[in-house]
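Heads up: take any position in the sequence shown, counting from 1, add 178, and you land on UniProt numbering. Where a beta carbon is used, it is the ideal one built from N, C-alpha and C, also for glycine. On a predicted model such as this, the values are computed, not experimentally measured, just so you know.
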Amino acid sequence: QMDLPLEGKKVLITAGPTREQVDPVRYFTNYSSGKMGYAIARAAAGMGASVTLVSGPTALEKPAGVMFIPVESTDEMFHAVMKEYPEMDLVIKSAAVADYTPRIKYGEKVKKKNESWSVEMEKTTDILSVLGEKKERQVLVGFAAETGNLEGYALDKLKRKNLDMIVANNVAQEGAGFSVDTNRVVIYKKDGSAKEYPLLSKDKVAQEVLAQAMELMPL
Ligand code: PMT
179 QMDLPLEGKK VLITAGPTRE QVDPVRYFTN YSSGKMGYAI ARAAAGMGAS VTLVSGPTAL
239 EKPAGVMFIP VESTDEMFHA VMKEYPEMDL VIKSAAVADY TPRIKYGEKV KKKNESWSVE
299 MEKTTDILSV LGEKKERQVL VGFAAETGNL EGYALDKLKR KNLDMIVANN VAQEGAGFSV
359 DTNRVVIYKK DGSAKEYPLL SKDKVAQEVL AQAMELMPL
């Protein structure tokens with residue numbers, strides 16, 4: 179259909195940061211607001227898709243008409259995403275997932291006693307890599323948040339994680355990346371094509387991301 183190009187498609191979006199607890203009152207996280215992912219979820223729902231949004235903690239209103247799965251840690255996001263994955267036609271991973279989590283999660287508040295406190299961190303599961311390994315018919319789209327060498331790092335992630343498309347943003351650029359309402363992206367596809375966009379609202383970026391992903395989907 180002309181105005182509902184994603185009708186009948188199941189789309190999974192991840193958004194927001196993850197939160198890695200070290201004790202009941204403290205955690206590690208990042209600056210993701212969820213705006214980019216929520217914009218994609220709204221746009222996909224507007225195109226007629228059946229949308230599942232797996233979201234880390236954000237201050238945003240949950241978009242209307244989407245199935246909403248709130249999570250906190252990378253581990254929770256991983257399990258939620260894996261459960262939904264087999265059903266999906268398109269998966270877009272815009273969440274800013276923590277790469278490391280405290281090795282020890284204390285059950286009680288750690289008391290202030292020493293002059294310094296070192297927290298040992300261990301790697302989290304790379305959710306996107308696992309999705310890439312288990313990919314069947316799904317179109318898989320990743321994001322790359324970089325502060326330099328955008329093309330090199332993005333193309334490396336595209337290949338290494340077995341993606342169909344990657345949306346790269348230089349988060350050190352003014353008006354791009356974390357928290358702001360705008361973004362500036364380059365979209366790389368596995369066929370080697372690259373498309374660079376000017377500074378746009380995250381709503382407009384979301385439309386472009388979905389339009390490009392749709393070109394990779396079977397009718
Ligand atoms: O939420 P906003 O404030 O609107 O900000 C938007 C954004 C900057 C968060 C977004 O545009 C963005 O770039 N998201 C990806 C952030 C990120 O984690 O990038 P990365 O280059 O570290 O990771 C690459 C890809 O692997 C991402 O798709 C990420 O979701 C995924 N990943 C990373 C680590 C991990 N353990 N599991 C993953 O799935």
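The segment 225-243 makes contact with the segment 187-204, as at least three CB pairs between them are under 8 Å. With fewer than 16 other Cβ atoms from the protein chains shown falling within 10 Å of its own Cβ, Phe-246 counts as exposed. Under DSSP, Arg-204 takes part in a beta bridge, and its partners are Asp-201. DSSP, reduced to helix, strand and coil, places Val-383 within a helical segment of the structure shown.
Within the model, the alpha-carbon separation for Val-349 versus Arg-362 is close to 9 Å.
Between Val-383 and Ala-372 the beta-carbon gap is near 16 Å, outside 8 Å, which marks them as no contact.
Counting only residues of its own chain and dropping the five nearest sequence neighbours on each side, Leu-182 has a CB closer than 7 Å to the CB of Met-225 and Gly-226. Looking at the backbone, the Cα of Ala-217 and that of Asp-381 are separated by about 5 Å.
Residue state for Val-319 is assigned as strand, using DSSP reduced to three classes. Note that the segment 249-262 touches the segment 296-315; at least 3 beta-carbon pairs, one per stretch, sit closer than 8 Å.
Its chain contains Pro-195, Asn-208 and Ser-210 as the residues whose beta carbon lies nearer than 6 Å to that of Ala-274, once the 5 sequence neighbours on both sides are disregarded; these appear in chain order. In the DSSP assignment, Asn-347 forms a beta bridge with Ala-323 and Val-363.
Between Pro-241 and Ala-219, the CB-CB gap stays under 9 Å. With a cutoff of 9 Å on beta-carbon distance, Asp-267 and Gln-316 are scored as near each other. Bridge partners of Tyr-278 according to DSSP: Lys-301. Just so you know, the alpha carbons of Leu-341 and Gly-285 end up roughly 38 Å apart.
Residue range 188-193 is occupied by the beta strand (DSSP E) that includes Thr-192.
Taking all protein chains in view, the Cβ of Lys-339 is crowded by 16 or more other Cβ atoms within 10 Å, so the residue is classified as buried.
If you draw a 10 Å sphere on the C-beta of Thr-252, you find 16 or more other C-beta atoms in it, and that means buried. Distance from Pro-248 to Ser-272 at the Cβ level is roughly 16 Å; contact not present, criterion being Cβ atoms closer than 8 Å.
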